[in-house]
Amino acid sequence: MTRYIEGFRKMDAASHFRTTLAEQGRQLAEQGRSIHLMEVCGSHTMAIARFGIRDFLPAAISLVSGPGCPVCVTDPGYIDAAITLAGQGKIIATFGDMLRVPGSRTSLAEARAAGGRVEVCYSPLTAIELARNHPETEVVFLAVGFETTIAPVVAMLDAVIRQAIDNVSLLTAFKRVPPALSALIADPEIQIDGLLCPAHVSAIIGADAYRPYAEQYGVACVVAGFEPLDILYGLQGLTQQLLENRPHVDNQYGRVVKAEGNRQAQRLMEHYLLPADASWRGLGTIPASGLVLRPEFARFDAVHRHGILPTPGRINPRCQCGEVLKGKIRPAQCPLFGVACHPDKPLGPCMVSSEGSCAADFKYARGGA
Ligand code: SF4
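Each position in the sequence shown, counted from 1, maps to that position plus 112 in this note's numbering.
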């Protein structure tokens, strides 16, 4: 019974948001305005597609996806480097999302089928287990991710060092969200009036990290959770800020996100990592947008340890992931969407990752399985 009552409550709330957003759309139209909102987080992207949240938005409010899928913004050259290491007999430990992402010529799944040792992990700590079970072999953990993932990977490295394990290394492609947002906001070809800020990343960096966007650039910011009502409330809040011409940071996910973030995680990250320029698929090289191991921990850096030099690699020239990641086009505007590129045969990472915009729209907007 409680479940049904809860369901009716949610329906009431959804219809409230539909009405409110429609009214906000009417006010915007009356002012001759249209606004452009961006959801930054891949999990938001998936939830927005899954629950049909774009259908709630009036014509004056457009919502595009941003670069919030870490796998999608990773260069194919990184996959190439991992495949090279697998070819040298290392055990490659990776989250499952990376397996089918195309490198310049092939993927890790194909490298595994050809005999490479590629192990899927559900937690970075699995790398330690693999290292203990295979003391004769080096385990290279594919350290790809934003602040949310960086913190547990660094905690794993901390455990490796404390336990004096010497057969684990990291192939890092860590990315920081704030510099990427700064680059997008500064791009004159991209209009962003409001940011639905990433929830999990915000739990680490804190809601205050977005204040410069509101205070210096006039971009409305809302930190929102992942439930459909959280997202609708967030979109309503962003629109209200813009209607009132009062952009600020509204932390609507206070049950998880603090203004200052997670200080303990921040301290651990600072201890092991340094900011560095990083290459983002579609966005190019963004200053100080990556994190690399400090020189004193270079022995755990697979690049340093094996003298490999990851390059950007070769992107399929027909794939428009770069434009999707910048919010310039919606996935269906890519001529390959659902035709030459689909989840069974992806041409770009946005169709592979469980947080990718193309995968989300294929699965839900097209009614695919
Ligand atoms: S549909 Fe495929 S080819 Fe087109 S942008 Fe998305 S991943 Fe790339």
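Just so you know, even glycine gets a beta-carbon here, dropped at the ideal spot from N, CA and C.
Using CA atoms only, rank isn't needed, just tell me which of the options is closest to residue i.
| i | options | result |
| --- | --- | --- |
| A315 | E372, D192, A226 | E372 |
| G425 | R145, P188, G164 | P188 |
| A255 | P387, A159, P290, M210 | M210 |
| T206 | T218, Q275, T238, I317 | T238 |
| I277 | F412, A471, G468 | F412 |
| M268 | V280, P182, R393, V289 | V280 |
| T261 | T249, A298, I317, C309 | I317 |
| P340 | L293, R162, T397, K370 | R162 |
| I427 | V313, H148, P247, D192 | D192 |
| L437 | P291, L296, N245 | L296 |
| G228 | S219, F338, S235, Y234 | S219 |
| R430 | E301, V232, L448 | L448 |
| K202 | C462, P247, P422 | P247 |
| V85 | R379, H360, R417 | Nothing about residue 85 can be reported from this structure: the residues present for the chain run from 113 to 481 only. |
| V331 | A319, T249, L307 | L307 |
| A225 | D299, G144, A198 | A198 |
| F338 | Y365, Y329, E356 | Y365 |
| A298 | L395, D270, E382 | L395 |
How big is the Cα-Cα spacing for residue i and residue j?
| i | j | result |
| --- | --- | --- |
| L175 | Q303 | 11 Å |
| I204 | C184 | 19 Å |
| S391 | T131 | 42 Å |
| P324 | L242 | 43 Å |
| S127 | I240 | 49 Å |
| T397 | R288 | 12 Å |
| A311 | E467 | 14 Å |
| G434 | L293 | 15 Å |
| F253 | A285 | 11 Å |
| V368 | E259 | 15 Å |
| A159 | A336 | 12 Å |
| Q432 | R274 | 44 Å |
| A194 | L283 | 8 Å |
| C141 | I165 | The sequence given here places Ala at residue 141; Cys does not occur at that position. A141 and I165: Cα-Cα distance of roughly 20 Å. |
| H454 | G460 | 9 Å |
| A400 | P170 | 37 Å |
| I420 | I441 | 35 Å |
Which one or two residues does DSSP pair with residue i in a beta bridge?
| i | result |
| --- | --- |
| V272 | Bridge partners of V272: none, in fact. |
| H482 | Within the shown structure, residues of the chain are numbered from 113 to 481, placing residue 482 beyond reach of any answer. |
| N363 | V335 |
| R229 | I203 |
| A255 | T284 |
| S391 | T397 |
| L454 | Here residue 454 turns out to be His, not Leu, going by the sequence shown. DSSP lists K457 as partners of H454. |
| G402 | K287, A388 |
| D413 | L282 |
Are the C-beta of residue i and some C-beta of chain C separated by less than 8 Å?
| i | result |
| --- | --- |
| A452 | Given the protein chain composition of this structure (a single chain), no chain C is represented. |
Shorter than 7 Å, the distance from the beta carbon of residue i to the closest heavy atom of the ligand SF4, or not?
| i | result |
| --- | --- |
| P443 | yes |
| V415 | no |
| L448 | yes |
| P188 | no |
| P170 | no |
| Q143 | no |
| C181 | no |
| V331 | no |
| M381 | no |
Please work out which residues of its chain come closer than 6 Å, Cβ to Cβ, to residue i, disregarding the five sequence neighbours upstream and downstream, and give them in chain order.
| i | result |
| --- | --- |
| D362 | V334, G349 |
| V464 | R212, V213, P458 |
| R115 | Because R115 carries a pLDDT of 47, less than 50, the predicted location of this residue cannot be relied on, and the following value inherits that uncertainty. The answer is none, since no qualifying residue turns up. |
| A377 | A263, I316 |
| V272 | V280 |
| S469 | T157, S177, V436, P443, C462 |
| A481 | For A481, the pLDDT reaches just 41, beneath the cut-off of 50, and the residue's location in the model is therefore unreliable, although a value from the coordinates is still provided. If we look at A481 and ignore the five residues flanking it on each side, it has no Cβ neighbours. |
| G479 | A caution first: G479 carries a pLDDT of 43, below 50, which makes its placement in the model too unreliable to give a value. |
Spatial neighbours of residue i within its chain, please: C-beta separation below 7 Å, excluding the five flanking residues on both sides.
| i | result |
| --- | --- |
| F168 | F129, R130, L133, L344 |
| A125 | L341 |
Could you pull out every residue in the same chain whose Cβ sits closer than 8 Å to the Cβ of residue i, ignoring the five residues on either side in sequence?
| i | result |
| --- | --- |
| Q352 | Q136 |
| A63 | Residue 63 falls outside the range modelled here, since the chain spans only 113 to 481, and no answer is possible. |
| I173 | L133, Q136, G137, L140, S146, I147, L149, L347, T351 |
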